[in-house]
Amino acid sequence: MSVQDRRRILGPAEAKPLRFAVDSETSIPEEGRTDDKKTGKESVFISTDLVTNANGSSYLEYMDGNSDQVLVMSSVFGPRPLRGSFQSKASVSIQFKEVTLEHFNTGEIKEICTFLTNVFNAVINIEKYPKSGIDIFIDLIQHSNSNPAEEENIIKILPTCINSITMALVDAGIEIIDLVSAGSVDNSVVAFIRNGHEIVGIWSDDDKVSDISRLIEDCRVKYLQNKQTLVQYLR
Amino acid sequence: METSMRVLSHVDGSAVVSNNGTKVICSVSGPMEPKSRQELPTQLALEIIVKPAEGVQSTREKLMEDQIRSVLTPVLARYLHPRQFVQICFQVLEAGESKDYTVKEVSVGINAAVLALVDAGVPLLSMCTGTCIGITSEERRLIVNPTEPELLECASVHVFCLELGTDENEKIDVRNVLLVDSLGTFDESQLFQVLETGEKECIRLYTELRSVIKDKVSRDFVWKQ
Amino acid sequence: MNTNTALQQDRHLSLETRPCSRGFEEFRDVLINDGNISRYSAKCQNANTNNVIGSSIVRSGKTFVITSITGGIVEETLSANNEDDVGEEELITLSEGSNRLAKNASVHPVVEIQRGRVGGPTDEEMITSERLHKTLLHSGILKKTALRVLCGVRRTDENGKTTKIYSDEILEEERKISESNNRRWSYVLYAKIQVFSRNGPIFDLCWNSLISALKSVQLPRAFLDERAADLKIAVRTRGRSMTIRETYDILCDPEKSLPLQLNQHELGYGSNYGIIDIDPLAQLAKEENEMDVDKPTSVLLADIETEAEESSIYSKLSLITNKDGQFKSATIIGGGSKITPEMIKRCISLSKERSKDIESKI
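Taken in order, these protein sequences are the chains called A, B and C. 1496 is the number of the first residue of the first sequence in this note's numbering; add one for each residue after it. 30 is the number of the first residue of the second sequence in this note's numbering; add one for each residue after it. 71 is the number of the first residue of the third sequence in this note's numbering; add one for each residue after it.
What follows is the structure in structure tokens.
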């Protein structure tokens, strides 16, 4: 940035962020962790009363079999009046933000937002809300990942993000066609509605998927699990 | 404290106040038509802008603006000008303190604002005056209106503003504490010492400002006799 | 604030309850933990990719504040005559002896309040950040010496095996290595403070969150590669000026770290208060004979919450103190009801109790 940001206290310009050395010998000892690895089952914690000044919100803690965590909070603001010209449908905007760590670059964040916006444009009953804006904010509080390979990260958080937004929309009382949820397999995420009969989004980081129908089938199994969890909470 | 009023010709009111190495010029424009987002349905809206002696605005000036706003808002008769707007702009000419302090600029700025508001003819409910006080770390001595080197020796620094008026019997009437902003290390008794000393100094400044205004009014209305 | 809410508020208060259903001098419950966010947290799962070195989550009522502290390293500019190292420390103390702030350090906070809008920081965010920065600087809680990097050297022997040596851990003869490079580095701390479900003034919450996050900070040990420690390469020459790029970067030890030294006796915690007049006309008369009380009575409310309170209370106090009454900051704004010395005294005693309570929870 050429112009210094004067609205934030940024500290000395010449300071360099801390860089941790990576050398094989001193990597984090695995022994302590392997104990609770694999033994733990997948678990989800859901809460929908965390953010009080939003129209609806949800907080999801997802723990996978490797005891990796994804903590996501979503808040829905709206439907609220939209300024400017008349629009017959609601305009959905999704903002993704990392609360603590900053792992994703702006390009990746934009991609995530576009993907999620596409998914939820298909699911929210936007015809019901003319002249309105529905703004959804996703705050990724934490995601721990023992494998620091870059591409895997988005895949790991996406299903939880989708589940979390769904819950927040339900909490806000915004009309949706069906509970949307997603499942991930390998390097792909597929979002479904209507018991897996309809696909609303596919994200794949794998450029050589050999058997697409197989992939979708695998994701559908996980989708049904996830959806079951959401339904259980809502009961 | 040296003061002069009506120093700028393109605004409705202006004043320069300098005190112990700090010099601030204040201009007041209004009451005038606000932008729609500033407009308040029942009261006069205020915009306060502080420009530093060096460089451009930063968060430091935002905090000063906020402090000045909290002092000026209650003394203005805001209900008299609903849907109107006053812009009060401060340009620090000499800071008289390092970037880590704002006490001197804020207190001098408040005194300048009162004079500029009177000059502009914006109705006030009372007067307010501001001063700054430092407490030295070694002797725990109170310094009213410290100089820059004195400021560096202080364990705590305080801005103190009082709402003042004169009642029917020509008696000075302390109406409220408008602002105390204290930073550093201090205890309860020191805080009350600051309140006590600050009150005396603010009353002194009040009489000084009143005589300045009196002179100005008598000069402005010289044709009236 | 419309008249309706104001009236409602007055009615509430005359019945000795508040819109948030707390008592006048009752605080919200506070929960504080480190949120398992930092790489040094006990249950941290992602230590190898995490660069957060201190954290806290403070929950007060429905509002919660997440603070994460990250770090940087900056090279200090040393004046040329400091090279002979003799009495350097004394020189600094001499020249800065009278300047209290020169020894103090602060963090660089960025406060973000979730409000369902995108865009640049709001005034409140800027003001809160600035106040946190300034209060910490003036408080003396964090000293510059606590942020100094005690730089080590990493040696790689013929077999490619690496060892790291830190000057305060090594034997006398090896100490020369680290002293041979007369440069000095300091840590810089950044605090990202996020406020969710804002429901009242946030400065004291942010302060408490920042302090508890700072208490959890571990500064990673840093080192240079021995081979590179004295190397500089010119990368660009233009006319007579030349850009020299350093070929090494200071790196951090992924394992070893030292706790950040805070001046424990300087620590203080924040609380806020409001003073409001109850309009006698709005009072619901309990008994007939009370009707003749025509003077407005003012009440002190601790821990302002809800929009109704925030928008109708113009006299506010915000205090940072420890349990013994040593203050770090006091802000009194008297825009509304008259603030009497008795009120201030009452606030002070309440804030001491509150500080004690918060301290016990961190």
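Beta carbons are placed, not taken as given, at the ideal position from N, Cα and C, and that holds for glycine.
Would you call the region 338-345 of chain C and the region 376-391 of chain C in contact, with 3 or more CB pairs under 8 angstroms?
Taking 8 angstroms as the limit for Cβ pairs, the verdict is that the region 376-391 of chain C does touch the region 338-345 of chain C.
State the CB to CB distance for the pair Phe273(C) and Thr198(C), rounded to an integer number of angstroms; the pair is presumed to be in contact (CB under 8 angstroms).
6 angstroms
Which residues in the same chain as Ala400(C) place their Cβ atom closer than 7 angstroms to its Cβ, once the five residues preceding and following it in sequence are excluded?
Excluding the 5 residues flanking it on each side, Ala400(C) has same chain C-beta neighbours closer than 7 angstroms at Leu389, in chain order.
Indicate whether the contact test is met: 3 or more Cβ pairs, each with one atom in the region 184-192 of chain B and one in the region 206-215 of chain B, closer than 8 angstroms.
yes
Report yes or no: do the region 51-67 of chain B and the region 143-151 of chain B share at least 3 C-beta pairs separated by less than 8 angstroms?
yes
Does the region 1670-1677 of chain A come into contact with the region 1600-1620 of chain A, if we say contact requires no fewer than three beta-carbon pairs (one atom in each stretch) closer than 8 angstroms?
yes
Using CA atoms only, rank isn't needed, just tell me which of Asp1681(A), Ser1569(A), Leu1664(A), Ile1604(A) is closest to Val1704(A).
Asp1681(A)
Would Ile1633(A) pass as a contact of Ile1669(A) if the rule is Cβ separation under 8 angstroms?
no
Within 10 angstroms of the Cβ of Tyr260(C), are there 16 or more other Cβ atoms? Answer buried if so, exposed if not.
buried
Which value, in whole angstroms, describes the spacing of the CA atoms of Thr1609(A) and Gly1551(A)?
21 angstroms
Excluding the five sequence neighbours on either side, which residues of its own chain have a C-beta within less than 6 angstroms of the C-beta of Ser111(C), listed in chain order?
Counting only Cβ-Cβ distances below 6 angstroms, and skipping sequence neighbours, we find Asp104.
Looking at the ligand ADP, does it come within less than 7 angstroms of Glu126(B), judged from the CB to the closest heavy atom?
By its list of ligands, the structure shown contains no ligand whatsoever, and the ligand ADP lies outside what it can speak to.
Excluding five sequence neighbours on each side, which residues of the same chain lie with their C-beta closer than 8 angstroms to the C-beta of Gln1637(A)?
Gln1564, Val1565, Leu1566, Val1594, Thr1595, Leu1596, listed in sequence order.
In terms of alpha-carbon separation, which member of Leu370(C), Tyr339(C), Arg416(C), Gly190(C) lies closest to Arg1502(A)?
Gly190(C)
Helix, strand or coil, according to DSSP, for Arg416(C) in the structure here?
Reduced to three states, the DSSP call for Arg416(C) is helix.
Pick helix, strand or coil for Asn205(B), following the three-state DSSP scheme.
strand
Measuring alpha carbon to alpha carbon, tell me which of Gly395(C), Val369(C), Asp394(C), Gly405(C) ends up nearest Ser381(C).
Gly405(C)
To the nearest angstrom, how far is it from the Cα of Pro1574(A) to the Cα of Cys1656(A)?
20 angstroms
At a Cβ cut of 9 angstroms, what residues of the region 1533-1552 of chain A count as close to chain C, listed as they run along the chain?
Asp1544, Leu1545, Val1546, Thr1547, Asn1548, Ala1549, Asn1550, Ser1552
Cβ of Arg88(C) within 8 angstroms of Cβ of Glu379(C)?
yes
Using three-state DSSP, classify Arg129(C) as helix, strand or coil.
In this structure, Arg129(C) counts as strand in the three-state DSSP scheme.
Tell me which same chain residues have a C-beta within less than 6 angstroms of the C-beta of Ser1699(A), skipping the five on either side of it?
Short of 6 angstroms from the beta carbon of Ser1699(A), and not among the five residues preceding or following it, lie these beta carbons of its own chain, in chain order: Ser1683.
Going along the region 1590-1603 of chain A in order, which residues come within less than 9 angstroms of chain C, judged by CB to CB distance?
Gln1590, Lys1592, Val1594, Thr1595, Leu1596, Glu1597, His1598
When burial is assigned at 16 or more other CB atoms within 10 Å of the CB, is Ala175(C) buried or exposed?
buried
Drop a sphere of 10 angstroms on the beta-carbon of Ala1667(A), count the other beta-carbons inside from all chains shown, and report buried for 16 or more, exposed for fewer.
buried
Can you pull the chain C neighbours of Val79(B), defined as C-beta to C-beta under 7 angstroms?
In chain order: nothing, as chain C lies at least about 12 angstroms away.
I'd like to know if the region 134-143 of chain B and the region 196-204 of chain B are in contact, where contact means that at least 3 CB-CB pairs between them fall below 8 angstroms.
No: fewer than three Cβ pairs fall under 8 angstroms.
Quick one: is Pro1574(A) near chain C, going by C-beta distance under 8 angstroms?
no
Is there a C-beta anywhere in chain B that falls below 8 angstroms from the one on Arg1578(A)?
With 8 angstroms as the cut-off, Arg1578(A) does not count as an interface residue toward chain B.
Measure the alpha-carbon distance for Thr137(C) versus Val180(C) and round it to whole angstroms.
10 angstroms
Measuring only the C-alpha atoms, how far is Glu153(C) from Lys173(C)?
Low confidence applies to Glu153(C): its pLDDT is 45, below 50, so where it sits in the model is not reliable, and the reading given next is rough at best. Computed Cα separation, rounded: 21 angstroms.
Mind listing which residues of the region 1500-1516 of chain A have their C-beta closer than 8 angstroms to chain C's C-betas, in chain order?
Correct list: Arg1502, Arg1503, Ile1504, Leu1505, Gly1506, Pro1507, Glu1509, Ala1510, Lys1511, Pro1512, Leu1513, Arg1514, Phe1515, Ala1516.
Counting pairs of beta carbons, one from the region 32-48 of chain B and one from the region 81-88 of chain B, are three or more of them closer than 8 angstroms?
no
On the three-state DSSP scale, how would you describe Met34(B)?
strand
Any beta carbon from chain A within less than 8 angstroms of Arg254(C)'s own beta carbon?
no
How many angstroms separate the CA atom of Thr376(C) from the CA atom of Gln113(B)?
Rounded to whole angstroms, Thr376(C) to Gln113(B) spans 29 angstroms at the Cα level.
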